[in-house]
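Residue numbers (the working numbering): 89 to 161.
Don't be surprised by glycine CBs; every beta carbon is placed ideally from N, CA and C.
Put into structure tokens, the structure is as follows:
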């Protein structure tokens with residue numbers, strides 16, 4: 089399964105969103121931390137156990153980065 093993860097630089101940190109999962113949003117001071125929180129939320133929303141999840145940077149736009157989250161469900 090492949091999902092998009094959108095990371096946006098804000099004035100006070102970074103926000104994240106997984107658009108295909110309603111309400112799956114997070115915020116943190118650093119980009120790495122917001123990615124980690126997003127993966128944790130993804131595991132909770134989809135009820136997936138500790139499995140290997142690969143995160144690849146797909147593209148950059150003005151203040152955002154779009155990552156692809158790749159995992160087996």
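Beta-carbon proximity list for residue 146, same chain, < 7 Å, skipping 5 on both sides: 154, 155 and 156
Residues bridged to residue 113 by DSSP? 105
Alpha-carbon to alpha-carbon, residue 115 and residue 102: 6 Å
Can you name, in chain order, every residue of its own chain whose Cβ lies under 6 Å from the Cβ of residue 105, other than the five neighbours on each side? 94 and 113
Would you call the CB atoms of residue 160 and residue 142 closer than 8 Å? no
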